[in-house]
Every structure is written in C-alpha cells, then in structure tokens.
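The sequence shown maps to residues 682 to 780 in our numbering. Glycine is no exception: its CB is placed at the ideal position from the N, C-alpha and C atoms. So the structure is just underneath, and the comments pick up after that.
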Amino acid sequence: MLNVSKTIENGKASFALEGRLDTVTAPELEKALKDSLDGIDELVLDFDKLEYISSAGLRVLLSAQKTMSEKGGMKITNVSEIISEIFEVTGFSDILTIE
Numbered sequence: 682m683l684n685v686s687k688t689i690e691n692g693k694a695s696f697a698l699e700g701r702l703d704t705v706t707a708p709e710l711e712k713a714l715k716d717s718l719d720g721i722d723e724l725v726l727d728f729d730k731l732e733y734i735s736s737a738g739l740r741v742l743l744s745a746q747k748t749m750s751e752k753g754g755m756k757i758t759n760v761s762e763i764i765s766e767i768f769e770v771t772g773f774s775d776i777l778t779i780e
C-alpha cells in the first residue's frame, strides 16, 4: 500500500510517500505525478516514510526525472538506508538528485 500526500505551490510540487512503491502502487504514483506536473518547475519527493521500492517504482522515478529535467529539476529527500542501497546497486544514485 502507498499513501501519497502532495502539496503544490509557486511552481513547486512536493510528494510525501508512505508505504511501499511496488508493481501494484507504481501506476498510482505515475498517475498522480502526470496529473500534477503541468506548470511545475521543481519536484520534491519525500521518502521519509517509504519502506520499499521495486523496479516498477524505479521506472516511475526515472520517468519523472526525465520529465522534470526539461522543466527544472527533481530531488528526493529523506532516503532511508535500505532505499539508498537500492539506489546505489541499481546506479540510480548517479542519476537522481538525493539529499
């Protein structure tokens, strides 16, 4: 299960993710992002309460990164050790901006 809380103001979208970003929930996040990114030049994904990410979740992040690289930027904050390891093993730590 994945809970997504979003805040949008002054061209900045913030998404706080809680739970698991996997095959079941990735399309949900993908849709939420697609519906929200018009006119947005900064995207922040808060992973403070994200417990797990699968390859399907990584694909959504990659897609969002591509979209946002043309508009401004995207960063991921509060990444746990487990998810940080997944990013490193998959090479995503080189692609994504992680704070």
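For residue j and residue i, believed in contact at Cβ under 8 angstroms, the rounded distance
i	j	result
Lys693	Ile721	7 angstroms
Phe768	Ser761	Not confirmed; about 10 angstroms, so no contact.
Endpoints, the beta strand (DSSP E) within which residue i is located
i	result
Glu699	Lys693 to Leu702
Ser686	Leu683 to Glu690
Short Cβ contact (9 angstroms threshold) for residue i with residue j
i	j	result
Lys756	Ile779	yes
Gly700	Leu724	no
Asp727	Ser765	no
Ala737	Thr704	yes
Ala707	Asp729	no
Val741	Leu714	yes
Ile776	Glu732	no
Chain D contact for residue i (CB, 9 angstroms cutoff)
i	result
Arg740	In summary, chain D is missing from the structure at hand, where a single protein chain is found.
Beta-bridge partners of residue i, as assigned by DSSP
i	result
Gly754	Glu723
Val806	Lying before the first or after the last residue shown, residue 806 is absent from the chain, which here runs from 682 to 780.
Lys730	Glu699
Alpha helix (DSSP H) segment containing residue i, residue limits
i	result
Glu780	That residue, Glu780, is in no alpha helix (DSSP H); it is neither H nor E in DSSP.
Leu714	Ala707 to Ser717
Val760	Here Val760 belongs to no alpha helix (DSSP H), and DSSP marks it neither H nor E.
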